[in-house]
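Notes for the one structure printed next.
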Amino acid sequence: MISFLTFLVIVLGLITFGRIIRIFELSAELRGTDVNAVNGSDNKTNSLLLLIMGSAFVFMVFYLTYAMKDKMLPSSASEHGVEIDTLFAVNWYILFAAFFITHALLIYFAAKYYFKKEHKPVFFAHSTKLELIWTLIPAAVLSVIIVYGISKWNKIVAPAGDDVLVIELYAKQFDWTARYAGDDNELGKASFRLIDGSNPLGIEYTDPQSADDILVRNEFHLPVGKEVVFKFHSRDVIHSAYMPHFRAQMNCVPGMTTQFHFKPIKTTEEMRVETANDKFDYILLCNKICGASHFNMQMNIIVEDETSFRQWLGSKKTVAEELKAAAPAATVEVKTDSLAAPADSAKVHAVTADATKH
Ligand SMILES: [Cu+2]
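Printed below as a string of structure tokens:
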């Protein structure tokens with residue numbers, strides 16, 4: 006009901022406004038003046054309006070940046086993220102300064118020199134001094150930003166140390182699997198040719214390095230204060246592993262390995278205290294529109310101390326243990342298959358033989 010009344014008020018308001026304008030036009034016609042002629046006082050009004058609206062615009066840019074600051078990510082939970090945040094902040098300070106100076110001058114001069122009949126414009130074609138100023142100052146500022154940015158970037162992507170934890174993040178439509186490299190800290194070989202229902206990552210079981218690998222879904226854990234090397238893979242399309250709280254994002258590209266490493270510096274518990282939110286969880290998201298269920302492609306990340314982490318990882322089955330547990334079931338499956346359809350069973354044998362060749 007209220008929304009209908011509001012609608013009615015707006016419509017009636019518009020009609021009234023239209024009628025008032027019509028009255029002005031008619032009265033001008035009677036007086037014999039042209040309503041469309043622009044006079045000095047119109048120009049003055051417009052210059053004042055420009056000053057008000059322009060100032061309001063500049064003010065709102067600063068005000069909204071301040072008012073929305075709580076909607077930003079909490080402080081970085083990784084070591085390099087602190088550097089990225091500083092880099093961002095420095096860039097923003099420079100941008101805000103440049104924005105404020107240029108817009109204040111633009112609005113002020115546009116308002117000050119509004120059209121007056123008696124004014125004669127100055128003919129001004131060239132000034133080497135001005136050209137130098139507006140070329141050299143931006144060049145110097147940009148050089149600072151670029152050199153500073155490159156030095157930070159080189160630091161961030163410098164090779165990881167020796168004492169690292171290796172994890173593969175495997176993306177497919179539409180979920181993530183994390184594979185820990187296990188005691189040997191080396192991921193076993195994998196090939197897309199070996200992918201099937203029971204081996205979604207195509208792990209080469211014959212590779213001795215895969216035996217101690219550990220696969221986890223839904224949630225993965227990281228030890229605080231330890232450098233983690235992530236190796237990213239995709240099975241189907243390009244996905245993007247995005248861990249916003251750690252300021253990390255890397256594309257997962259089919260057919261190649263991409264890599265990034267960082268050191269978590271705050272446990273989940275510490276972050277829950279900092280954000281005053283006891284339900285806070287770090288998250289891994291897909292940040293590449295990869296298909297219908299892209300929005301749901303995520304995994305929680307728990308950062309905890311090394312002891313709890315080891316305990317958690319120890320409670321998970323290694324690839325070898327999972328294979329052992331699955332073995333009797335697999336035998337039964339092959340038997341029923343051979344009873345039902347001998348042709349199919351021959352195919353199963355051929356595939357198994359092929360798989361062991363790798
Ligand atoms: Cu995706």
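In our numbering, each number is its position in the sequence shown, counted from 1, plus 5. Glycine is no exception: its CB is placed at the ideal position from the N, C-alpha and C atoms. Note that the structure is a prediction, hence the values are computed from the model and not measured.
- Straight across, the Cα-Cα distance linking K117 with I28 is about 33 Å.
- Counted as a single uninterrupted DSSP element, the alpha helix (DSSP H) harbouring N96 occupies residues E84 to K117.
- In the pairwise beta carbon analysis, the region 182 to 196 is classified as touching the region 211 to 228: at least three pairs are separated by under 8 Å.
- A direct Cα-Cα distance of roughly 53 Å separates A325 from V149.
- Taking each of M304, K177 and Y247 in turn and checking the Cα distance to D286, the smallest one comes out for M304.
- Any heavy atom of ligand 1 counts here; residues with a Cβ closer than 6 Å to one of them, in chain order, are A176, H244, C291, K293, C295, H299 and M302.
- The alpha carbon of K160 has as its nearest neighbour, out of S60, A72, E84 and M6, the alpha carbon of E84.
- For R184, the enclosing beta strand (DSSP E) starts and ends at D180 to Y185.
- In the three-state DSSP reduction, L137 falls in the helix class (H, G or I).
- With fewer than 16 neighbouring CB atoms inside 10 Å of its own CB, S46 falls in the exposed class.
- Just measuring C-alpha positions, the residue of V127, K322 and K268 sitting nearest P228 is K268.
- Shown here for D310: same chain residues with a beta carbon closer than 8 Å to its own, the five before and five after excluded, namely P228, V229 and T272 in chain order.
- Assignment of Y210 by DSSP, reduced to helix, strand and coil, places it in the coil class.
- Taking the Cα positions, I15 is about 15 Å away from I25.
- Cβ atoms of K329 and D241 stay farther apart than 8 Å, at about 30 Å.
- Within the same chain, and ignoring the five residues on either side of P249 in sequence, the residues whose Cβ sits closer than 8 Å to its Cβ are L78, I288 and L290.
- DSSP, read as helix, strand or coil, puts I200 in coil.
- Between the alpha carbons of I155 and W139 lies a gap of roughly 24 Å.
- Only buried fits F251, as 16 or more other CB atoms lie within 10 angstroms of its CB.
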